[in-house]
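A.B. asks: Just passing along the structure, written as structure tokens.
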Amino acid sequence: MRLRRALPWTLAWLLLAALGAAALILDRRQTLQAAFDLDTRILHRVLSQRMEQQEAVLNAVTALAAQGVTDATLAGYVQALTRPYPQITGVQLCPAGGTGACRTLLAPPAGLPDLPDPPGGGPRLLWPPAGPQYALTREGVRVWVDAGRLLPARDRPATPIRVTLDRPAAAGGARLVTFGAPPGPAALALRAAKTLGTALQPFPIRFERTYGAGALPWAALLVWWTLTGLLLAALARLWSARREAARALDDERARAQGIVQASTDGIVLTDPDGRVVHANPAAHGILGSLALGEHLPGRAAFQATLSQAPLDTGAFWQATEACALPAGTALHRDGHAVLVEGSLAPLRGPHGRLLGRVLTVREVGPLQQRMLAQLDEGERRVREHETMLAHAGRLSTLGEMSAGLAHELNQPLTALLSYGQAARRLLDDEDPDLPRAGQALDGMLAQARRAADIIARLRTLVRREPVRRQRVDLPQAVQNVLTLCRADLTALDVTVRATLPPGAAVHADPVQVEQIVLNLIRNALDAMHATPPGERRLTLTLRPQGPDWQLTVQDTGPGLDDAARAALFQPFQTTKPGGLGLGLTLSQTLAQGLGGHLSGGAPPAGETRGAAFTLTLPAWTAPDPEGAPTP
């Protein structure tokens, strides 16, 4: 028990100590961060100035070389110009286009790397295959810089800081040079990354400084933890003493109040004038809702019955001694008479002073019958609610099936209309083209069979019969859909790029596969209405992916925003005017029923517009010895 009482104070001390420690460590970190930021700004400025100095030397040598001075004179100038800059280790003059050897005006003892001079005279950087050296070149002048001399030890701050200089991203981004020792185990690490130099030398630079555990404010932390521990210990002792004193009083009150509240008899406490001070739940149930301060004799209408002894209500409410209600007393409540029994007793304080009165009352009517009646009423309401829910469920299911059926039959009915109009035009010509009219009629029959297959599949779905899957030639299914959409492709001037390797067979239902592909192509065509002519491209790519085949359909439309992609496969969510928002939802359901899945919606890789959807289906495998395909 003592440990349980001490646990909250211990947790409070730990929390307060942790908050204070965090504040002290944060303050220390901010101080170290400020010093680190100052050092990094100084180092960045120093290195940036040296980059500018190197470019100034390059510009000066280029200007002197343009004046046609001799190499000997120019070498003297170079010596004078580079003497303050130890990082400049070499200067060369190279013919334009790399037609001859470079003339060296300044070189280190180890010599300079031999690099080809790219065409063009503008300023640029040349990089040897390895090492810290690089060259600034302009109009045939090369100034070689040793990056390892950019930051000598005398220019570094007193505190250990590691500086890493990398090549620009255009030059591969490899590490160029590092100053300072590698960081060891650290309790605190500070890092910063910037870009160094001018537009000609945009080198990424990183700064890093680590501090060991000794950098933390241990003395301040110890003082804080000690003070907070002592303070909370004193508060805990005071709180415990106060709590023990109040607990005895609260226990006594709780016991008395618990007895009153738990009693099945109605108990009402009034003041000497008969106004309600307190009433337990049973009293509210018997006498009705009682408000504090309400006059109880005017609310509790006790009356005598034929089987009751005489009742003087005035004397009853003013009784100075305990007084019981006569047997057979009735309480008038909501226009009904309820038989009750009880008593009224005075409540006295010190020296016999009247503090109030306590009324106890209980109902002796058929309580069980009332409970049964309420139970029957509740069961009736539950049955009514269940009936309403079942009716609403049937209406919702009917609505979804109607919308799905309309969406699925829209395509074959549209194709039937197109084929019929085409056949009618061919037959109305003076010289009817009977073969083409026959092809149109064959198309009508095919689409009618397709509609019948859709209805049969929906009936199968309603009956919960298993889907009959078979070997489906996926490239042929895609070609069938493209043939169906040929009129729309021509009307929109859409360029179709199809990569469909032959022999790509999947284990699926042919009608469902064509429905999914048709929905994807229709969505792509709808998305490209706003695309300028000449830029409308429909790309279909079929490729193997493990044990599956993946068909990707991408367009050059405006694409989808984040909100549209988040609700892409949710029913009744659409971005097309007049759309039902069921195409992708039904397609995803069909794909999952075939053991695959449908995903996508984002722009194709490397592009900023358009959308790509990928249908994945299990590849067809040879049947097992029993003749059933192995998915």
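For the sequence shown, the UniProt record's numbering assigns the number 1 to the initial residue and increments by one for each residue that follows. The C-beta atom is built at its ideal place from N, Cα and C for all residues, glycine as well. Just so we're clear, the structure is a prediction, and the values are computed from it rather than from any experiment.
Straight-line CA distance for T539 to P510?
C.D. replies: If you take the alpha carbons of T539 and P510, they lie about 22 Å apart.
A.B. asks: Return the residue from the list Q512, A530, T10 that minimises the CA-CA distance to L235.
C.D. replies: Closest option to L235, Cα to Cα, is T10.
A.B. asks: Out of D39, L151, Q476, W13, which has the shortest C-alpha to C-alpha gap to residue 635?
C.D. replies: An answer regarding residue 635 cannot be provided, because it is not within the stretch 1 to 631 covered by the chain.
A.B. asks: Rounded to whole angstroms, what is the Cα-Cα separation between A21 and A213?
C.D. replies: 14 Å
A.B. asks: Residues bridged to L540 by DSSP?
C.D. replies: A498, V553
A.B. asks: Assign G356 to one of three DSSP states: helix, strand, or coil.
C.D. replies: strand
A.B. asks: Identify whether G266 lies in helix, strand or coil by the three-state DSSP scheme.
C.D. replies: strand
A.B. asks: Hey, how far is the Cα of L24 from the Cα of L188?
C.D. replies: If I take the Cα positions, the gap works out to 14 Å.
A.B. asks: Between which residues of its own chain and H284 is the CB-CB distance below 7 Å, once the five residues before and five after are set aside?
C.D. replies: L290
A.B. asks: Considering only the beta carbon of each residue, do F203 and L227 sit closer than 7 Å?
C.D. replies: no
A.B. asks: Could you tell me the distance, in whole angstroms, from the CA atom of G173 to the CA atom of P132?
C.D. replies: 13 Å
A.B. asks: Here's the rule: buried if 16 or more other CB atoms are within 10 angstroms of the residue's CB, otherwise exposed. What is A527?
C.D. replies: buried
A.B. asks: Helix, strand or coil, according to DSSP, for A189 in the structure here?
C.D. replies: strand
A.B. asks: Quick check on the burial criterion: 16 or more other C-beta atoms within 10 angstroms. Buried or exposed for W549?
C.D. replies: Of the other Cβ atoms in all chains shown, 16 or more fall within 10 Å of the Cβ of W549; this residue is therefore buried.
A.B. asks: Using DSSP bridges, identify the partner residues of G583.
C.D. replies: As computed with DSSP, G583 is found in no beta bridge at all.
A.B. asks: Where does R149 sit, in a helix, a strand or coil, going by DSSP?
C.D. replies: helix
A.B. asks: Please report the residue range of the alpha helix (DSSP H) in which G284 lies.
C.D. replies: For the sequence presented, residue 284 should be read as His rather than Gly. 281-287 is the extent of the alpha helix (DSSP H) around H284.
A.B. asks: Are the CB atoms of L112 and L74 within a distance shorter than 7 Å?
C.D. replies: no
A.B. asks: May I ask which residues mark the beginning and end of the beta strand (DSSP E) holding P510?
C.D. replies: Careful: P510 lies outside any beta strand (DSSP E), inside the alpha helix (DSSP H) at 510-527.
A.B. asks: Here's a check: name, in chain order, each residue in its chain whose Cβ is nearer than 7 Å to the Cβ of W620, leaving out the five neighbours to either side.
C.D. replies: R471, A505, V506, H507, P629
A.B. asks: If V268 and L359 are in contact, beta carbons under 8 Å, what's the gap, nearest whole angstrom?
C.D. replies: 4 Å
A.B. asks: Are the CB atoms of W317 and P346 nearer to each other than 7 Å?
C.D. replies: no
A.B. asks: Do L176 and A147 have their C-beta atoms within less than 7 Å of each other?
C.D. replies: yes
A.B. asks: Per DSSP, which one or two residues make a beta bridge with W144?
C.D. replies: W144 pairs with G90, A135.
A.B. asks: Measuring straight from C-alpha to C-alpha, what distance separates A245 and R5?
C.D. replies: About 15 Å.
A.B. asks: Can you look up Q67 in the DSSP assignment and give me helix, strand or coil?
C.D. replies: coil
A.B. asks: Taking its Cβ as the centre, do 16 or more other Cβ atoms sit within 10 Å of I42, making it buried, or is it exposed?
C.D. replies: exposed
A.B. asks: Between the beta-carbon of A330 and the beta-carbon of T305, is there less than 7 Å?
C.D. replies: yes
A.B. asks: Spell out the partners DSSP gives C323 in its beta bridges.
C.D. replies: Its beta-bridge partners are L344.
A.B. asks: For Q178 and R209, I'd like the C-alpha separation in whole angstroms.
C.D. replies: With the sequence shown as reference, residue 178 is identified as Thr, and Gln is not the correct amino acid for it. Computed Cα separation, rounded: 13 Å.
A.B. asks: Mapping the DSSP letters down to three states, classify D273 as helix, strand or coil.
C.D. replies: coil
A.B. asks: Sort R380, D27, A530, D555 by Cα distance to L221 and report the nearest one.
C.D. replies: D27
A.B. asks: In the DSSP assignment, find the unbroken alpha helix (DSSP H) run with A491 in it and report its ends.
C.D. replies: Per DSSP, the continuous alpha helix (DSSP H) segment holding A491 begins and ends at 486-492.
A.B. asks: Could you work out which residue in L126, Q87, G349, G140 is closest to A96 when comparing CA atoms only?
C.D. replies: G140
A.B. asks: Between the Cα of A524 and the Cα atoms of L196, L15, R537, which residue gives the shortest distance?
C.D. replies: Distance check between A524 and each of L196, L15, R537 places R537 closest, using alpha-carbon atoms only.
A.B. asks: Where do the N-terminal and C-terminal ends of the beta strand (DSSP E) with G100 fall, by residue?
C.D. replies: Looking at the DSSP string, G100 is not in any beta strand (DSSP E), and its letter there is neither H nor E.
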